[in-house]
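J.:
Residue numbers (the numbering used here): 2 to 186.
(1) Given that a residue counts as buried once 16 or more other Cβ atoms are within 10 Å of its Cβ, and exposed if not, what is residue 42?
(2) Checking 8 Å against the spacing of the C-beta atoms, do residue 58 and residue 106 come in under that value?
(3) Distance, Cα to Cα, residue 135 vs residue 93?
(4) Starting from residue 148, follow the alpha helix (DSSP H) in both directions and report where the run begins and ends.
(5) Look at residue 78 and residue 114 and say whether their C-beta atoms are less than 8 Å apart.
(6) At the level of alpha carbons, what is the spacing between residue 172 and residue 126?
Here you go:
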């Protein structure tokens with residue numbers, strides 16, 4: 002697609018209305034020119050064949066990140082997958098050593114995703130992307146999670162070694178509730 006065709010496609014996407022109120026078309030603030038640019042950035046990788054070797058994977062990753070740096074394109078998991086000629090699911094499989102991925106390819110994908118996570122973290126810390134966007138991407142692409150862990154150790158006053166798990170849980174919940182009650186009122 003040339004630039005004019007991309008512009009026309011972008012305008013068509015902006016003008017088209019959907020009944021679904023959560024439609025990205027209805028909620029986007031992107032201009033036609035911005036949509037055209039985004040389509041061009043992603044579509045350039047559309048017909049790439051899947052990488053056949055670890056060396057080719059490394060070269061394509063280097064090329065992808067260099068291009069993002071030169072053009073100011075924000076790197077994404079989706080475009081990185083397309084640049085490698087594959088899908089997000091295949092990237093996930095490679096990252097986790099599945100589907101015959103070598104240790105070298107597994108490490109490459111992990112490192113590339115760390116670059117992406119670093120870019121996102123810097124953008125959010127600079128106020129350039131919404132925090133909720135960062136949180137979503139960090140949880141879905143980079144393995145971050147909201148969780149609290151309670152560690153019971155021998156020197157923990159809740160565990161004298163004679164109580165069963167249910168009793169410990171009840172005492173812990175009670176102690177947290179008691180500790181958080183504001184006695185100053």
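Ideal Cβ placement from N, Cα and C applies to all residues, glycine included.
Treat the numbers as computed from the prediction; the structure is a model and nothing was measured.
T.: Here's the rundown:
(1) buried
(2) At a Cβ-Cβ threshold of 8 Å, residue 58 and residue 106 count as neighbours.
(3) 19 Å
(4) Segment: none, residue 148 is in no alpha helix (DSSP H) and carries neither H nor E.
(5) yes
(6) 39 Å
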